[in-house]
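Here's the structure, in structure tokens; my notes come after.
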Amino acid sequence: MSFVDQKDAETRFDKCPRMLLVQALEKLELELGAKVSIGFEIEFVLLDGSDNVIKPLDRLNGYSRTAGLRGETLDLVEEIADALKQSSINIHHFHAEVQDQLEIALAPEPALEAVDSLVLAQEAIRAICVRRNLKATMTPKPTLSGPSSGLHLHLSLNKLEHGSADNFVAGVLNHMGSLCTFGMANYDGYVRSTSDATGAWIGFGTDNRDLPVRKIGNWHWEFRMMDSTANPYLFVATVLLAALDGLANKTELVWKDCKFFPHLLDESMRAEYGMHKSMPVTFKEALDYLKRDVALKTWIGKDLLKWFISVKDKEVEEFGKMTDEQRRLRFLEYF
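If you want it as structure tokens, here you go:
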């Protein structure tokens, strides 16, 4: 992995997402003594040479069933696991997420090393599958009717002397709409703004996968508003900077810990948990959040933000002209 330097720029590395992450980590450590550990859950689907889903013979649906790993699939995933281990990338677990979809979860590492490991792991998964005449696609919408794929971020910190976990997560939730732009950085990613995927409402809950932020421990969260189209350095950096803002300003956590499925609650019940806003349901809506977010502009720099928005505005325009199938096939080429 490397940094991108533009020597004639006013500030060196000002358009480099990896440098932005380094700066965010340095700021957290300098100001708060924070050490950040990160792990990722990589979801992917196997396709044949005609971009059709490879379907296991045992068609048992449901979460984490062994049926999805029977036969050649288990051999493939074990080969990937061995290759990652030889590359000093440790796996926390692997399983069949649902029917026709696999997941490899990477073990936690220090933040920068973890993002580097993610990039290398994604390439290893793709390369090993190609050797078997398969395509491993991590695109958020691999089929028009099958499962959507995410890339969930697990983030944990050491207990801080100053600031609370509530302030940390409040900073993230306050900027959720903007952060979605970096985490789900594509036209089709918002198919996941639903229950049991990213979540339909802005909020958090302990062990609640129907919300964008799942609390696992006092200083351990899963951020679900991410997929493989994200620049992981940029997304992790912006999450940390939003959290740092919450800590610095002692932002009140107006959301309550929700242990229920939000879509089963009526409006008044959701309001009791602080869930007044829904998640962005289109990429354009998320971009509109970002364009209004003055604080984020100061954190990541006007040049990087200008470059990002100009590219993504063009993507919204061009992908909006395509049919669902045309977009699906285009994304399969890259992700």
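The sequence shown begins at 1 in full-length UniProt numbering and counts up by one.
Here a beta-carbon is modelled for each residue, glycine too, at the ideal position from N, C-alpha and C.
(request) Below 7 Å CB to CB, which residues in the same chain sit around T137 once its five sequence neighbours on both sides are set aside? (result) Locating residue 137 in the sequence shown gives position 137, counting from the first residue. Only F44, V45, L47, L332 and F335 meet the Cβ criterion.
(request) Taking A243 as the reference, give the member of R18, L20, N167 and S145 with the closest Cα. (result) The residue you call residue 243 lines up with position 243 of the sequence shown. Taking only the C-alpha atoms, the option nearest A243 is N167.
(request) Please name the residue or residues paired with R214 in a DSSP beta bridge. (result) Taking the first residue of the sequence shown as position 1, residue 214 is located at position 214. R214 is bridged to G205 and E222.
(message) If the criterion is Cβ atoms closer than 9 Å, does the pair P262 and R270 meet it?
(response) Taking the sequence shown and counting its residues from 1, one reaches residue 262 at position 262. Taking the sequence shown and counting its residues from 1, one reaches residue 270 at position 270. Contact: yes.
(request) Starting from L47, follow the beta strand (DSSP E) in both directions and report where the run begins and ends. (result) Residue numbering aside, residue 47 sits at position 47 when the sequence shown is read from its first letter. Per DSSP, L47 belongs to the beta strand (DSSP E) from V36 to L47.
(message) Three Cβ pairs or more, each shorter than 8 Å: is that satisfied between the segment 190 to 204 and the segment 116 to 135?
(response) no
(message) Cutting at 6 Å between CB atoms, please list the residues of its own chain near G183, excluding the five before and the five after it.
(response) By 1-based counting over the sequence shown, the position of residue 183 is 183. Correct list, in chain order: M225, M226, A230 and F235.
(message) If you follow the alpha helix (DSSP H) that E252 is in, where does it begin and where does it stop?
(response) Here residue 252 refers to the residue found at position 252 when the sequence shown is read from its first residue. Looking at the DSSP string, E252 is not in any alpha helix (DSSP H), and its letter there is neither H nor E.
(request) Report buried or exposed for V254, applying the criterion of at least 16 other Cβ atoms within 10 angstroms of its Cβ. (result) As a working note, residue 254 is residue 254 in the sequence shown. So V254 ends up on the exposed side.
(request) Let me know the secondary structure DSSP gives V53 once reduced to three states. (result) Against the sequence shown, residue 53 aligns to sequence position 53. Three-state DSSP puts V53 in a strand.
(request) Would you kindly check if the distance between the Cβ of V172 and the Cβ of L179 is under 9 Å? (result) The residue labelled residue 179 in the question sits at position 179 within the sequence shown. The residue labelled residue 172 in the question sits at position 172 within the sequence shown. Cβ distance < 9 Å, so L179 and V172 count as in contact.
(request) Please classify T206: is it buried, with 16 or more other beta-carbons within 10 angstroms of its beta-carbon, or exposed? (result) Indexing the sequence shown from 1 puts residue 206 at position 206. Classification for T206: exposed.
(request) Find the nearest neighbour of E103 within the set K291, D188, T181 and L74, judged by alpha-carbon distance. (result) By 1-based counting over the sequence shown, the position of residue 103 is 103. The candidate whose alpha carbon is nearest that of E103 is L74.
(request) Answer yes or no: do A111 and L30 have a C-beta to C-beta separation smaller than 9 Å? (result) For the purposes of this step, residue 111 is identified with residue 111 of the sequence shown, where counting begins at 1. For the purposes of this step, residue 30 is identified with residue 30 of the sequence shown, where counting begins at 1. It is not a contact, given that the beta carbons lie outside the stated cut-off.
(request) State buried or exposed for R214, treating a residue as buried only when at least 16 other CB atoms are found within 10 Å of its CB. (result) Here the question's residue 214 lines up with position 214 in the sequence shown. Buried: at least 16 other Cβ atoms inside 10 Å.
(message) For A237 and R330, I'd like the C-alpha separation in whole angstroms.
(response) Within the sequence shown, the letter at position 237 stands for residue 237. Within the sequence shown, the letter at position 330 stands for residue 330. Taking the straight line joining both Cα atoms gives about 28 Å.
(request) Label H152 either buried or exposed according to how many other C-beta atoms from any shown protein chain fall within 10 Å of its C-beta, with 16 as the threshold for buried. (result) For this step, residue 152 is matched to residue 152 along the sequence shown. Result: buried.
(message) Once the 5 residues before and after Y289 are set aside, which same chain residues still bring their CB inside 6 Å of it?
(response) Counted from its first residue, the sequence shown places residue 289 at position 289. Counting only Cβ-Cβ distances below 6 Å, and skipping sequence neighbours, we find G177 and S178.
(message) Taking 8 Å as the cut-off, does the segment 95 to 102 touch the segment 138 to 148 (at least 3 CB pairs, one atom from each stretch)?
(response) yes
(request) Measure the C-alpha to C-alpha separation of Y273 and N208 and round it to an integer number of angstroms. (result) Translated into the one-based positions of the sequence shown, residue 273 becomes position 273. Translated into the one-based positions of the sequence shown, residue 208 becomes position 208. Going from the Cα of Y273 to the Cα of N208 covers about 13 Å.
(message) Going by DSSP in three states, T298 sits in which element: helix, strand or coil?
(response) Your numbering for residue 298 matches position 298 in the sequence shown. Three-state DSSP puts T298 in a helix.
(message) Beta-carbon within less than 6 Å of P212's beta-carbon, same chain only, minus the 5 sequence neighbours each way: which residues are those?
(response) Working through the sequence shown from its first residue, we reach residue 212 at position 212. Cβ within range, chain order: T198, G199, R224 and M225.
(request) Taking the CB atoms as reference points, tell me whether L106 and H92 lie closer together than 9 Å. (result) Here the question's residue 106 lines up with position 106 in the sequence shown. Here the question's residue 92 lines up with position 92 in the sequence shown. In this structure, H92 lies closer than 9 Å to L106 by Cβ.
(message) Can you look up A242 in the DSSP assignment and give me helix, strand or coil?
(response) The residue labelled residue 242 in the question sits at position 242 within the sequence shown. Helix at A242.
(message) So for A165, helix, strand or coil by DSSP?
(response) Along the sequence shown, read from residue 1 onward, the residue named residue 165 stands at position 165. In the structure shown, A165 sits in a helix (DSSP, three-state: H, G or I).
(request) With C137 as the anchor, note down where its alpha helix (DSSP H) starts and where it stops. (result) Translated into positions along the sequence shown, residue 137 becomes position 137. According to the sequence as given, residue 137 is Thr; it is not Cys. Taken as a continuous stretch (DSSP letters only), T137 belongs to no alpha helix (DSSP H), being part of the beta strand (DSSP E) at K135 to T137.
(message) If I measure Cβ to Cβ from A165 and keep anything under 6 Å in the same chain, skipping five residues before and after, which residues do I get?
(response) For the purposes of this step, residue 165 is identified with residue 165 of the sequence shown, where counting begins at 1. Once the five neighbours on either side are set aside, the close Cβ partners of A165 are N218 and W219.
(request) Whole angstroms is fine: what's the gap from K321's alpha carbon to L134's? (result) Sequence index remark: in the sequence shown, residue 321 carries index 321 (1-based). Sequence index remark: in the sequence shown, residue 134 carries index 134 (1-based). Going from the Cα of K321 to the Cα of L134 covers about 29 Å.
(request) Output the distance between the C-alpha atoms of L296 and D51, rounded to the nearest integer angstrom. (result) The residue you call residue 296 lines up with position 296 of the sequence shown. The residue you call residue 51 lines up with position 51 of the sequence shown. Using only the alpha carbons, I get a separation of about 39 Å.
(request) To the nearest angstrom, report how far apart V311 and F319 are at their CA atoms. (result) Working through the sequence shown from its first residue, we reach residue 311 at position 311. Working through the sequence shown from its first residue, we reach residue 319 at position 319. Distance between the alpha carbons of V311 and F319: 12 Å.
(request) Select from D266, L304 and H175 the residue whose C-alpha is nearest the C-alpha of G246. (result) Taking the first residue of the sequence shown as 1, we reach residue 246 at position 246. Here the closest residue by C-alpha is H175.
(message) the ligand HEM and L304: does the residue's C-beta get closer than 8 Å to at least one heavy atom of that ligand?
(response) As presented, the structure is devoid of all ligands, the ligand HEM included, so that no description of it is given.
(request) Return the first residue and the last residue of the alpha helix (DSSP H) that residue 346 is part of. (result) Since the displayed the chain opens at 1 and closes at 335, residue 346 lies outside it and no answer follows.
(request) Under 6 Å Cβ to Cβ from H154, same chain only, skipping five residues before and after it: list those, please. (result) Here the question's residue 154 lines up with position 154 in the sequence shown. Only G39 and E222 meet the Cβ criterion.
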